[in-house]
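**Student:** After the structure tokens below, expect a handful of questions from me.
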Amino acid sequence: MQYIGTDSFEHGQPARIGVLVTNLGTPDAPEKRALKTYLREFLWDPRVVEIP
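Per the working numbering, the sequence shown starts with residue 90, numbered consecutively.
Spelled out as structure tokens, the structure:
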């Protein structure tokens, strides 16, 4: 996953802000172990966090 620019961009255009709200799941249980597993899988998913 990488940023793809647009050819129609012109300097001087007003900045636009967008907010993307998604639900990427929840831990299997409200316990420390389940949360740890969920966060590990979530943060190592290249579709969620792009490593430079």
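The C-beta atom is built at its ideal place from N, Cα and C for all residues, glycine as well.
Since this is a predicted model, take the numbers as computed values, not measurements.
Residue 136 lies in the alpha helix (DSSP H); which residues open and close that run?
**Tutor:** Element bounds for residue 136: n/a, residue is neither H nor E.
**Student:** Nearest by alpha-carbon distance to residue 130: which of 111, 119, 115, 141 is it?
**Tutor:** Comparing Cα positions, the closest option is 115.
**Student:** Work out the CA separation of residue 122 and residue 97 for me, nearest whole Å.
**Tutor:** Residue 97 and residue 122: Cα-Cα distance of roughly 48 Å.
**Student:** Express the C-alpha separation of residue 137 and residue 101 in angstroms, rounding to a whole number.
**Tutor:** Whole-angstrom Cα-Cα distance: 31 Å.
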